[in-house]
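Worksheet: the structure to be examined is printed underneath.
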Amino acid sequence: MTFYEWQLYIECMKAIETILATERDFFAKVARAAFLNPFGESRDELDLLLAGTGAGDRGGVLAAIIARVAERTAVLQRELRGNHHRLPAADRETVRTVLLFDLFHRFLDSFDRLIREQAVGGDSPCPVPFAGGFQAAFAEAGFSETESRRYLGLFYQLRRAFYFIREGLAGSSPSLRRVREHLWQTLFTHNIRWFDQYLWDRMEDFSVLILGETGTGKGAAAAAIGRSGFIPFDPKTGRFSESFTRNFLAVNLSQYPEGVLESELFGHRKGAFTGAIDHHEGVFSRCTPHGAIFLDEIGEVPLPVQVKLLQVLQERSFSPVGSHQRLRFSGRVIAATNRDLTRLREQGEFRDDFYYRLCSDVITIPPLRQRLQECPDELGELVAGILTRLTGTAPKREVQLLRKAIERETGKGYHWPGNVRELEQAVRRVLVTGHYRGEEKGAPSGVTEQFLADVAAGGLDAQGLLAGYCRILYERHDTYEEVARRANLDRRTVKKYLQQAGE
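The sequence shown begins at 1 in full-length UniProt numbering and counts up by one.
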């Protein structure tokens, strides 16, 4: 470095120190926000501080943050001239993170357009028209070409993860919010600094087990993980190396008998068994290098197949049926079940060693009844989402009519044994017939259990039977009129019985 260059450097550092003296606290908050889970409460609280505005919708708060960061970063970059790596250690990492935060949000709309285009474009990777501008902006900020390519892939992954988690698991209940927060950790760990430094290309070693009742959304959670893995950018083609539509493969294990299941998973060679007239590639062979396989209904897998799946998880290799050739598996394994694996293990139907290989990360999806108990308004949100998928739109009036029809027919505290999948069918049925009465089965309430016990014990007279039945109906439907209609009684009679029962 010449004397003149040294003088310029000293002047540059003085100017930067002047900027940091007033902005250091703000930049520290931005750097902290950059590594927080976007679905967590801590990020929401910090965002309000950074925005410098009152509470508002998330989009407005984020727009205010992006504008404030861009304004301050532009001033800082003019003085840095790409020399952030020469800053004192105390500021270097903070400034570097703030620059990355600004660059990510500068290209946010471009990533969103690419995600939408790729979803429509299918299995062939779409061109990335903004790649040149992205790399130029990184070079101007002082990052190397290698760093810019890696962060192009990482930023694409971050945005896909946010998109698929938000769109795939909508709802305001605390339990579902925790699921979204957990899914983000599944993709980026609880400490994204570790992920950025050590794990960004090693997450396939962390298998995922998703638990939950039928219809809760285990498949949506698996798809959010599977479509959000890291995909490298290929500068030769100007595209990412894979399409996220192709790097997630799902297989329902319960639909295949044992012999066919092995072939579906691992493939087979011609002549391996009667009817094997040609080679067949199983899902493990079809999985892309950066992809994921979703093994649904893992609790239904017979023990011999569990042994082979365990080998895949341990050795990352497998052999097709009828072959001794070892093939490499590079993807991530996601499994799901609605069965009690603890009981299956106790009964010897599920191997302990296989379980412990699967459960690097365990995610439990809450049932719909729990979500609605926590946040009754979530029913309207879900109905709006279902209506949008069915019709392309969700006018507020129609959503309210559908919600009221479902609540009127199923009643207050309905158990929703089929969960979100049942709700989807309920919306369809109300659209077609105007009615949905729901399933009669479900967990009885305390009132129902006590009434049934009294009936079984023969401890109720005719008036007690009617009063008890009216109380059960009122607990479910919440209006005297609906109880009267269903019990074929006068409204005043219903009111008298319920007042006697303390309702």
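Just so it is clear, CB atoms sit at the ideal spot from N, CA and C, and this is done for glycine as well.
Being a predicted model, the structure only gives us computed values, none of them experimental.
Extent of the continuous beta strand (DSSP E) run through residue i
| i | result |
| --- | --- |
| Val333 | Arg332 to Thr337 |
| Val251 | Phe248 to Asn252 |
| Leu87 | Careful: Leu87 lies outside any beta strand (DSSP E) and carries neither H nor E. |
Residue i classed as buried or exposed, judged by whether at least 16 other C-beta atoms fall within 10 angstroms
| i | result |
| --- | --- |
| Asp102 | buried |
| Gln400 | exposed |
| Ala221 | buried |
| Lys218 | buried |
| Leu452 | exposed |
| His182 | buried |
| Arg239 | buried |
| Thr216 | buried |
| Ser172 | exposed |
| Asp47 | buried |
| Trp194 | exposed |
| Glu117 | exposed |
| Pro320 | buried |
| Arg428 | exposed |
| Thr337 | buried |
| Gln325 | exposed |
| Glu204 | buried |
| Ser263 | buried |
| Ala136 | exposed |
| residue 577 | This structure gives no information on residue 577, because the portion of the chain shown stretches from 1 to 503. |
| Val362 | exposed |
Close Cβ partners of residue i (< 6 angstroms) along its chain, the five nearest in sequence each way excluded
| i | result |
| --- | --- |
| Leu368 | Trp416, Asn419 and Val420 |
| Ser254 | Glu297 and Glu300 |
| Gly442 | Note that Gly442 scores a pLDDT of 49, beneath 50, so its modelled location is shaky; the value from the coordinates is reported in the next line. Cβ within range, chain order: His415 and Pro417. |
| Arg227 | Phe164, Phe244 and Phe248 |
Residues bridged to residue i [DSSP beta-bridge criterion]
| i | result |
| --- | --- |
| Thr73 | Paired residues: none, contrary to the question. |
| residue 540 | The structure shown has nothing for residue 540, since the chain only spans 1 to 503. |
| Val383 | Paired residue(s): none; Val383 is not in a bridge. |
| Leu295 | Val251 and Ala335 |
| Ser317 | Arg328 |
| Asp352 | Per DSSP, none; premise fails for Asp352. |
| Phe240 | Phe233 |
| Pro127 | Arg239 |
| His268 | His280 and Val321 |
Check whether residue i and residue j have beta carbons under 9 angstroms apart
| i | j | result |
| --- | --- | --- |
| Leu498 | Ala462 | no |
| His280 | Gly291 | no |
| Leu310 | Phe354 | yes |
| Arg316 | Phe206 | no |
| Leu265 | Val305 | yes |
| Arg159 | Leu108 | yes |
| Glu111 | Tyr151 | Residue identity check: residue 111 is Phe in the sequence provided, not Glu. Not closer than 9 angstroms, so no. |
| Glu424 | Glu439 | no |
| Gly434 | Ala405 | yes |
| Pro125 | Ser285 | no |
| Ile365 | Val179 | yes |
| Thr97 | Ala51 | no |
| Gly142 | His190 | no |
| Cys470 | Ala487 | yes |
| Val95 | Leu87 | yes |
| Arg397 | Val383 | no |
| Leu327 | Arg357 | no |
| Leu154 | Asp196 | yes |
| Phe35 | Ile192 | yes |
Endpoints, the alpha helix (DSSP H) within which residue i is located
| i | result |
| --- | --- |
| Thr186 | Pro174 to Phe188 |
| Ala405 | Lys396 to Thr410 |
| Gln157 | Glu145 to Gly168 |
| His415 | Where His415 is concerned, there is no enclosing alpha helix (DSSP H), given that its DSSP letter is neither H nor E. |
| Asp47 | Glu41 to Ala51 |
| Glu475 | Ala462 to His477 |
| Asp201 | It is not in any alpha helix (DSSP H) - Asp201 carries neither H nor E in the DSSP assignment. |
| Glu117 | Leu108 to Gly121 |
| Gln347 | Unbroken run through Gln347: none, as it is neither H nor E. |
| Gly226 | Lys218 to Gly226 |
Own chain residues within Cβ distance below 8 angstroms of residue i, not counting five before or after
| i | result |
| --- | --- |
| Glu481 | Arg491 |
| Ala223 | Phe164, Gly168, Phe248, Ala250 and Phe294 |
| Ala131 | Leu152, Phe233, Pro235 and Gly238 |
| Pro38 | Phe162 and Trp184 |
| Asp278 | Lys270 |
| Ala426 | Ile406, Thr410, Tyr436 and Gly438 |
Residues near residue i by beta carbon distance below 7 angstroms, same chain, minus five either side
| i | result |
| --- | --- |
| Lys495 | Tyr480 |
| Glu409 | His435, Tyr436, Arg437 and Gly438 |
| Gln370 | Ser175 |
| Leu372 | Glu378 and Leu379 |
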